[in-house]
Amino acid sequence: MNDDVIYVDNNATTCIAPEVLQAMQPFLTRYYGNPSSIYPFSGPAAEAMRQAREALAELIGADGPDELIFTSGGSESNNAAILSALQTQIGRRKILSSVVEHPAVLNLCRSLQKRGYQVDYLSVDSRGRIDLDEAKALISEETAIVSLMAANNEIGNIYPIYELAELAHAKGALFHSDAVQSVGKVPLHLRDSQIDFLSISGHKLHAPKGIGALYRKRFVPFKPLIIGGHQEHGLRAGTENVAAIAGLGEAARMAMSDMAEEAIQLRRLRDRLESGLLSSCPDPKVNGDPSSRLPNTCNISFKYVEGEAILLRLYLAAKVCASSGSACTTGSLEPSHVLRAIGLDYKALHGSIRFSFSRYNTEADVDTILQALPPIIKDLRELSPFGRQ
Amino acid sequence: MWNYTDKVMDHFLKPRNIGVIEDAEAVGEVGNIVCGDAIKLYLKLSEDKKTIVKASFQTFGCASAIASASALTEILQGKTLLEAAALSNQDIADFLGELPEAKMHCSVMGMEAFQAAMQDLQKKFPELELPAAAHETQGEDRVVCHCFNVSEAKIREVIRANNLTSVEQITHYSKAGGGCGECIPEIEKILADALGKKAPATATAAGTKMNNLQKIKLIQELFDSVIRPSLQADGGDIELVDIDGDKVLVRLQGRCAACHSAEQTLRLWVEAKLHEKVSASIIVEEVR
Ligand code: FES
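Right, here's the structure in full:
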């Protein structure tokens with residue numbers, strides 16, 4: 006936490022919770038033993054990992070801790086799941102994903118297309134929803150794996166992963182979900198699901214960056230991405246990042262115990278912001294599916310103004326850290342692929358702002374934004390050659 | 004992270020000369036809302052239409068687009084049209100101290116707004132003898148980059164005015180190539196031509212006559228730089244056994260060898276690569 010800023014960009018990354026830091030500390034200092042070693046000095050490290058695995062398994066409703074493989078984060082987990090499926094699903098060379106995936110999956114799919122695999126991408130409607138009938142038509146006996154995110158990082162939509170997993174299994178395909186935005190924010194029930202793989206990232210739920218996990222349903226064939234030592238039962242080589250794993254475990258415990266109340270609080274903050282902006286700014290539009298969204302995410306567009314200009318002003322005026330889907334902020338020259346996929350009107354495409362809350366945000370944060378933002382939008386619209394009668 | 008100079012921030016937060024000049028003699032508008040930035044420039048001229056007495060603007064865009072437009076109006080005020088015609092986008096960047104390279108297209112857009120204003124002036128006052136733009140634009144006025152509607156003339160102009168030497172720079176200065184990327188080979192050609200060099204060797208099109216030695220060398224290169232790395236990333240490999248005229252003999256290794264269904268797809272894929280880069284008559288055959 007940092008009181009110098011109003012941090013409302015928690016879908017990008019989160020702060021490390023003080024409890025998490027505390028849980029990590031012993032393994033950065035005293036207990037530096039390698040968890041694979043046999044002497045008792047390494048015992049606490051191995052024990053911390055065991056507990057972390059258990060906490061994480063409970064958080065996602067897995068059948069057991071043995072279904073979790075610690076990795077370096079979401080991107081590695083996505084790569085490991087999808088590339089493994091292509092190896093174990095012999096004879097199947099097709100992948101089904103969606104147009105709104107995070108680049109971690111999207112760019113992997115594109116690179117696989119260059120290597121000769123066929124990838125189909127589920128389309129979305131103007132609210133960002135996929136169509137299960139379209140999915141059904143696209144999954145075939147040639148499909149190796151279907152990969153759909155559990156929730157979208159930009160607009161917050163929650164996707165029907167359980168249903169899609171069943172459609173995948175009906176045709177013998179494996180199913181993977183990039184769930185980095187969902188884990189810790191909404192309950193997951195993997196035990197009785199058909200989900201084979203699910204990616205988890207630590208830094209999205211107040212654990213450190215550089216740690217994550219891959220859920221692999223028991224007995225699902227798996228070929229490791231990182232080959233070497235026998236760590237993680239030979240499924241992911243490399244000496245374990247014990248401190249970060251202990252941190253992830255603590256973050257999972259905290260999320261598990263507070264999720265329900267936290268969701269109520271997050272939704273209240275988000276809705277307060279949203280209704281405030283809708284009534285105080287000209288031509289606003291909320292993006293995504295209001296009926297099925299993460300409780301912490303608000304994606305809103307302002308016509309005729311540009312996102313980078315809004316964000317920069319907002320930061321200078323009130324130290325607000327948020328993000329935008331405009332071309333100038335995506336690091337490329339094109340605006341967000343998600344907002345383009347939902348067919349957002351080009352007048353609003355460059356003026357989208359995403360606010361994403363965490364447990365550390367307060368009503369005062371929201372009120373500061375509600376005070377600072379409307380005059381900025383008004384100012385920039387005055388500057389703009391568009392949007393005048 | 005934003006990397007703007009104090010001067011950029013100053014002009015972004017307190018833009019000078021905003022708004023419409025109702026009786027402006029010249030109005031120039033460039034960019035559009037689809038692309039994410041646009042400038043509308045208004046110029047009020049002296050009685051004899053030789054000097055810019057007042058300039059104003061409206062901008063839709065990011066911080067550097069706003070600052071560039073603001074700087075442009077400050078630079079233009081008081082200048083004669085002759086002086087103004089000699090300006091380039093670099094003058095806007097210099098005025099602001101510096102612009103991040105990836106944002107240089109904002110300064111280019113500023114200069115284009117001025118050029119558009121000059122065209123508008125000429126249209127309204129055909130009898131006026133306007134100073135020619137300092138530099139003849141060369142190259143055809145055909146659109147090269149469809150994503151951002153960038154013409155060959157504009158690409159050549161940013162190369163010349165800013166001494167650009169790479170495609171990446173051209174993208175930073177003009178946006179061309181920054182979308183789907185399909186136009187990049189074309190930009191490469193224009194750049195090579197502008198720099199007085201031949202197009203890079205990778206542009207060897209299928210069908211160009213090559214002697215046998217060149218062909219073998221090219222095939223070997225392709226195997227090492229493209230084909231094998233792709234397969235290795237998948238846990239497989241391929242060995243180039245022999246080249247016999249148009250026949251390329253290969254042996255599959257690693258996982259590829261064990262995977263029967265992949266075999267056919269793989270052969271076709273390698274063949275397609277070779278058709279594209281070397282010659283359409285190549286046949287790939289597997290030896291065991
Ligand atoms: S045509 Fe130039 S980037 Fe798409």
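As given, the protein sequences belong to chains A and B, one line each in that order. The first sequence: position 319 = 324 (my numbering), numbered continuously. The second sequence: position 225 = 228 (my numbering), numbered continuously. For glycine and all other residues, C-beta sits at the position ideal for the given N, C-alpha and C. Computed from a predicted model, the values in this text were never measured in an experiment.
Contact test: residue i Cβ vs the ligand FES heavy atom, cutoff 8 Å
i       : result
G184(B) : yes
V37(B)  : no
V147(B) : yes
V30(B)  : no
I187(B) : yes
V153(B) : yes
A179(B) : yes
C150(B) : yes
Distance CB(residue i)-CB(residue j) smaller than 9 Å
i       : j       : result
V325(A) : I374(A) : yes
L338(A) : K178(B) : yes
Q256(B) : D240(B) : yes
A86(A)  : I150(A) : yes
I135(A) : Y164(A) : yes
I160(A) : A184(A) : no
C303(A) : I382(A) : no
S331(A) : C65(B)  : yes
L102(B) : I95(B)  : yes
Q93(B)  : A164(B) : yes
I269(A) : V291(A) : no
C333(A) : G356(A) : no
L469(A) : L127(A) : Because chain A spans 6 through 394 in this model, residue 469(A) falls outside it and cannot be assessed.
G31(B)  : A105(B) : no
A327(A) : R359(A) : yes
G233(A) : G243(A) : yes
L111(A) : A248(A) : no
A53(A)  : A28(A)  : yes
I78(B)  : K57(B)  : no
A119(B) : V33(B)  : yes
L195(A) : T76(A)  : no
D288(A) : F307(A) : yes
Cβ-based neighbour list, residue i, same chain, cut-off 6 Å, excluding 5 preceding and 5 following
i       : result
R58(A)  : P70, L73
P49(A)  : Y36
F202(A) : A86, H181, R221
L193(A) : I65, G66
Assigned secondary structure, residue i (DSSP; H/G/I helix, E/B strand, else coil)
i       : result
V13(A)  : coil
R386(A) : helix
D13(B)  : helix
I162(A) : Note on identity: in this sequence residue 162(A) is Asn, with Ile being the wrong assignment. DSSP places N162(A) in strand when its eight states are reduced to three.
L198(B) : coil
T211(B) : In this predicted model, T211(B) has a pLDDT of only 47, less than 50, meaning its place in the structure is not dependable; the value taken from the coordinates is given anyway. Here T211(B) sits in coil by DSSP.
E313(A) : helix
P289(A) : strand
I173(B) : helix
Q256(B) : strand
H263(B) : Residue placement at H263(B) cannot be trusted, given a pLDDT of 49 that sits under 50; what the coordinates show is reported in the next sentence. Looking at H263(B) - three-state DSSP - the assignment turns out to be helix.
D263(A) : helix
N246(A) : coil
C148(B) : strand
G113(B) : helix
D26(B)  : coil
A369(A) : helix
H342(A) : helix
E224(B) : helix
A67(A)  : coil
Contact set for residue i: own chain, Cβ-Cβ below 8 Å, skip 5 residues either direction
i       : result
A256(A) : A22, V25, G189, G207, L210, H211, A212
K293(B) : Absent from the model: residue 293(B). The displayed extent of chain B is 4 to 291, so no value can be given.
V371(A) : L274, R277, L278, G281
T377(A) : Checking the displayed sequence, the identity of residue 377(A) turns out to be Ala instead of Thr. The answer, listed in chain order, is L319, A322, A323, V325.
7 Å Cβ shell around residue i - same chain, five flanking residues per side excluded
i       : result
P380(A) : none
S47(A)  : G38, N39, P40
N215(B) : none
I166(A) : L153, A155, S182, I200
Any contact of the stretch 44-56 of chain B with the stretch 143-150 of chain B, i.e. 3+ C-beta pairs under 8 Å? Flag = no, the stretch 44-56 of chain B and the stretch 143-150 of chain B do not touch.
Three CB pairs or more closer than 8 Å across the stretch 62-77 of chain B and the stretch 107-116 of chain B: They touch, by the three-pair rule.
Does the structure place the stretch 231-243 of chain A close enough to the stretch 8-16 of chain A that three or more beta carbon pairs sit under 8 Å? The stretch 8-16 of chain A is not in contact with the stretch 231-243 of chain A.
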